[in-house]
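2 protein chains.
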Amino acid sequence: MTKLKESPLFWPASLKGGVMSVLDETQVPKNLHYIKIKTLKGAVNVIHNMKTRAFGQFLVVLYTFLMELEKVKVSKKTDFRSQEKVLNKIKKIAHDLNKSRPTFPFSEVTGIIVRWAVMAIDSGLDIKTFVKKNTEGYLESIRAKRLGRVQHIAEVIQDGDCILTHCNVSGELAMAANICLKEKKDIHVFATETRPYFQGAKLTCWELSEMGVKVTLVADNAVGSLMSDGLVNKVIVGSDRSCANGDFANKIGTYQIAVVAEHFGVPMYVLTQPSDKIRSGRDIPIEIRKADELLKFEGKKVFRGKVDGFYPGFDVVPYALITKTIPIGVNENE
Amino acid sequence: MTKLKESPLFWPASLKGGVMSVLDETQVPKNLHYIKIKTLKGAVNVIHNMKTRAFGQFLVVLYTFLMELEKVKVSKKTDFRSQEKVLNKIKKIAHDLNKSRPTFPFSEVTGIIVRWAVMAIDSGLDIKTFVKKNTEGYLESIRAKRLGRVQHIAEVIQDGDCILTHCNVSGELAMAANICLKEKKDIHVFATETRPYFQGAKLTCWELSEMGVKVTLVADNAVGSLMSDGLVNKVIVGSDRSCANGDFANKIGTYQIAVVAEHFGVPMYVLTQPSDKIRSGRDIPIEIRKADELLKFEGKKVFRGKVDGFYPGFDVVPYALITKTIPIGVNENE
């Protein structure tokens, strides 16, 4: 395997000495600033205000448990009351994190932690130690699986490909593209701006160009034009949530890209996190964010008058429109 | 017919005492500022820099002839040399205007004026007077036809309609919507932002809300989401150029709206200016504008790094995707 160059968006958080550091993605690429988080409330805010997103918020969710568990003082390790105290603390963390952004399957991750806690109590194990070890192991396995998927994406990308991507897939596409460059594949990426947050412009363009990949920014409006002119031959996007039937939620705009890609016969690849927890796309709650995020740009109101705005943060793409999924944790040879 | 309230975008230019005034659409809705134009060069600049667009630039093209003709001093009305001088002047105006924006069919309009000039010479008429009278008559007929189309659009819009529109159709939709309100039709318009110039947000939202119409701004990304959720039941867009076979060019993003509308079975209505001058969409030259217009916002560079941009100003929609055209100058009862 070619040596992997890592994007700062691939693992945008860390935990040291009970303090979490999270890359403030709203400041990228102007500044590579890491926000320090010491409390559960701080973690919820950083997710809700979209300072971190996609994989970053999963890291924040998991690190929050590790960080908060460190703070819990218990009188005696195997004491029932102490164990109950830790369990309640874990449930409180899970509850607060779950409601920070409705579309995300935080409950699937926080549910795992709660189950570990219950399992520890049932087995008479020290709950803090058990949950901590398991969470650390879980994080390591996710890291290995994501690195495996990066390799898988690199294999999907062929010499001469012109790839359209939308929003940002947390370093995986950039790292895969970097592998392709080392393998002498000639590739070009078109990144959509991804209004209103400009994740495509601010994050994707930046990390791809840092990785030495030829990248061109286009308006979200340009997808039909690019495809009708034959300028892209592949679409690769991520997913914020996947369903048992293969439907997936991703940044608003993904649905129309999928429809247009199907119309022009351009294959669409989706990085998924398969899950049986949610049956179909119809069951995914869609977060409706504040109209102000659409009406303002960098804090300043762009348009005068009595304009109202509607900003669903995500849309749900039916499985039928997807050419191939690249799921996490599945070996490409399986 | 209900009394018509006129949008400032419906007829955004005027000519008085040899000086043209053009609404600076880049300042709308912050300011209703009119730029004064005294020269051919000024007219070309105002079009090239998109201070005016769509119907505004047609007005500028026609008024430029009237304005420049006023300046031409001729020694004797029917003198051959004088007539030749005026003809050359007209050809020069036509040439300069034609190249100001490649996608627009200015040559179709300027060609008419040149033909009038040649016709005047052949008939021994005073060229200045003949061209001036004809141009004024032509403008009056366009005005009448556009007012007729406003009425036609109002008839297409039904009580309860939720209409998606893109970019801006120079007052016609807003005026039609205003008629609908007077007829007690309950309607709602979703306007796309229309990146990178935000014409939807700045112009369409503004003129619709000024007309008392319920309007909601959405990201260009939200079209698939709106349609999959059944929130729009009709699309109405304009066209910057129409072909003999029914294909049409319009603001970038229109093609993908048409594809998505077809996918969801939402009917798409297009305001056209039918023409036999260009055979099919393939023959329409597409203006590629500067990447900076995408990379900068209100003059300020938004994203650091070595990001390149690609900004085709228009896309060409095949006739097959259109449900119904609403051409200018065609009576709805025909």
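Sequence order for the protein chains is V and X.
Residue 9 is where the first sequence starts when you use this note's numbering, and the numbers rise one by one after that.
Residue 9 is where the second sequence starts when you use this note's numbering, and the numbers rise one by one after that.
Each residue gets a CB set at the ideal place from its N, CA and C atoms; glycine is no exception.
By the 10 Å Cβ neighbour count, where 16 or more other Cβ atoms means buried, how is X/Leu40 classified, buried or exposed?
exposed
Suppose the cutoff is 6 Å on Cβ atoms and the five residues either side in sequence are ignored; what does the same chain contact list for X/Thr137 look like?
none
Quick one: what's got a C-beta closer than 6 Å to X/Glu76's C-beta in the same chain, skipping five residues either side?
Taken in chain order, the residues that qualify are Leu48 and Ile101.
For X/Asp316 versus V/Leu225, is the C-beta distance shorter than 8 Å?
yes
Can you name the start and end residues of the alpha helix (DSSP H) that V/His196 belongs to?
Here V/His196 belongs to no alpha helix (DSSP H); instead the beta strand (DSSP E) covers His196 to Thr200.
Measuring alpha carbon to alpha carbon, tell me which of X/Glu306, X/Glu163, X/Val117 and X/Ala21 ends up nearest X/Ile195.
Comparing alpha carbon positions, the residue from X/Glu306, X/Glu163, X/Val117 and X/Ala21 closest to X/Ile195 is X/Glu163.
To be precise: take each residue of the stretch 178–207 of chain X, compare its Cβ to all Cβ atoms of chain V, and keep it if any distance is under 9 Å. Which residues remain?
Within the stretch 178–207 of chain X, the qualifying residues are Phe198, Ala199, Thr200, Glu201, Thr202, Arg203, Pro204 and Phe206.
Is DSSP giving X/Val1 helix, strand or coil here?
Residue 1 of chain X lies beyond the range of chain X shown here (9 to 342); nothing can be said about it.
Report the rounded CA-to-CA distance for V/Glu14 versus X/Lys309, giving the unit in angstroms.
27 Å
Determine the direct distance from the alpha carbon of X/Ile286 to that of V/Thr10, and round the result to whole angstroms.
Because the pLDDT at V/Thr10 is just 47, under 50, the model does not fix this residue reliably, and the value given afterwards should be weighed accordingly. Taking the straight line joining both Cα atoms gives about 53 Å.
For X/Val325, write down the residues that DSSP places opposite it in a beta bridge.
X/Phe256
Count Cβ pairs between the stretch 222–238 of chain V and the stretch 261–268 of chain X that sit closer than 8 Å; are there 3 or more?
Yes, they touch.
Determine the direct distance from the alpha carbon of V/Ile330 to that of V/Asp169, and round the result to whole angstroms.
V/Asp169 and V/Ile330: Cα-Cα distance of roughly 18 Å.
Can you find a C-beta in chain V that's less than 8 Å from the C-beta of X/Val117?
no
Reducing DSSP to helix, strand and coil, say where V/Ala299 ends up.
coil
Any beta-carbon of chain V closer than 8 Å to the one on X/Lys314?
yes
When the Cα atoms are used, what is the spatial distance from V/Pro20 to V/Leu67?
Those two C-alpha atoms are separated by around 8 Å.
Between V/Val221 and V/Asn186, which are expected to be in contact by the criterion C-beta below 8 Å, what is the C-beta distance as a whole number of angstroms?
That pair is a contact at about 7 Å.
List the residues of chain V whose Cβ lies closer than 8 Å to the Cβ of X/Val226, in chain order.
Leu302, Gly317, Phe318 and Tyr319
Interface partners of X/His271 on chain V, CB under 7 Å:
Val267
Check whether chain V comes within 8 Å of X/Asp169, counting only Cβ atoms and requiring the distance to be less than that.
no
Mind checking who V/Ala21 pairs with in its DSSP beta bridge?
V/Val30
How about V/Pro113 and V/Arg290: are their beta carbons less than 8 Å apart?
no
Just confirm the distance between the C-beta atoms of V/Thr212 and V/Ala227, as a whole number of angstroms; I'd bet it's less than 8 Å.
About 14 Å; that fails the 8 Å criterion.
Buried or exposed for X/Asn341, going by 16 or more other Cβ atoms inside 10 Å?
Residue placement at X/Asn341 is poorly supported in this model, since its pLDDT is 43, which falls under 50; the coordinates still yield a value, given next. X/Asn341 is exposed by the Cβ-count criterion.
Could you compute how far the alpha carbon of X/Gly119 sits from the alpha carbon of X/Pro275?
Approximately 35 Å, taken between the alpha carbons.
Is the Cβ of X/Phe311 closer than 8 Å to any Cβ of chain V?
Put simply, the CB of X/Phe311 is near chain V, with a gap under 8 Å to one of its CB atoms.
Rounded separation between X/Tyr71 and V/Leu31 - CA only:
Going from the Cα of X/Tyr71 to the Cα of V/Leu31 covers about 56 Å.
What's the gap between the Cα of X/Lys192 and the Cα of X/Lys242?
18 Å
Let me know the secondary structure DSSP gives X/Ile171 once reduced to three states.
strand
With a threshold of 8 Å between beta carbons, is X/Pro20 in contact with chain V?
no
Measure the alpha-carbon distance for V/Thr34 versus X/Ile296 and round it to whole angstroms.
Across the structure, V/Thr34 and X/Ile296 are spaced so that their CA atoms are roughly 30 Å apart.
Closest residue to V/Asn176 among V/Glu78, V/Met127 and V/Ala62 (Cα-Cα distance):
V/Ala62
Shortest alpha-carbon distance to X/Ile65 belongs to which of X/Arg109, X/Ala125 and X/Glu92?
Checking the sequence, you will find Gln at residue 65 of chain X rather than Ile. X/Gln65 has its Cα closest to that of X/Arg109, out of X/Arg109, X/Ala125 and X/Glu92.
Simplified DSSP assignment, three categories, for X/Lys332
strand
Use the C-beta contact count for V/Gln166: other C-beta atoms within 10 angstroms, 16 or more gives buried, fewer gives exposed.
In this structure V/Gln166 is exposed. Its beta-carbon is surrounded by fewer than 16 other beta-carbon atoms within 10 angstroms.
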